[in-house]
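Numbering (our numbering), first residue to last: 68 to 140.
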Ligand SMILES: [Zn+2]
C-alpha cells in the first residue's frame, strides 16, 4: 500500500501540481497533505470534486500500467 508520509524534497503533487515535501504516495504519485484534506472536505456535489476526480483519473491509469507491467514480467 501507499506510504503514509514522504520526507523527500521536491515532488509534485498530482492534484495541485505544486512542489511538496510531504503527503501520501499512491502508485508513486504524490498527493500532498493539503490536497488529502481537500478531498476529504469536498462535498461530492461540489464542482471541485469533479476536478479532483479528473486529476485522480491519472492515478488509475498509472495503476493500470503498474498492474499490467507486473503481469507481463
Ligand atoms: Zn496538492
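Ideal Cβ placement from N, Cα and C applies to all residues, glycine included.
Fair warning: this is a prediction, and the values are worked out from it, not measured in the lab.
Cβ separation of residue i and residue j, assumed to be a contact under 8 Å, to the nearest whole Å
{"i": "residue 89", "j": "residue 80", "result": "So it is not a contact: roughly 10 Å between Cβ atoms."}
{"i": "residue 116", "j": "residue 110", "result": "7 Å"}
Distance CB(residue i)-CB(residue j) smaller than 8 Å
{"i": "residue 129", "j": "residue 94", "result": "yes"}
{"i": "residue 126", "j": "residue 96", "result": "yes"}
{"i": "residue 82", "j": "residue 122", "result": "yes"}
Near ligand 1: residue i beta-carbon under 7 Å from a heavy atom
{"i": "residue 83", "result": "yes"}
{"i": "residue 87", "result": "yes"}
{"i": "residue 94", "result": "no"}
{"i": "residue 139", "result": "no"}
{"i": "residue 101", "result": "yes"}
Where the beta strand (DSSP E) containing residue i begins and where it ends
{"i": "residue 99", "result": "96-99"}
Residue i: first and last residue of the uninterrupted alpha helix (DSSP H) it sits in
{"i": "residue 81", "result": "Neither: residue 81 is in no alpha helix (DSSP H) and is coded neither H nor E."}
{"i": "residue 63", "result": "Nothing can be reported for residue 63: it is not among the residues displayed for the chain, which extend from 68 to 140."}
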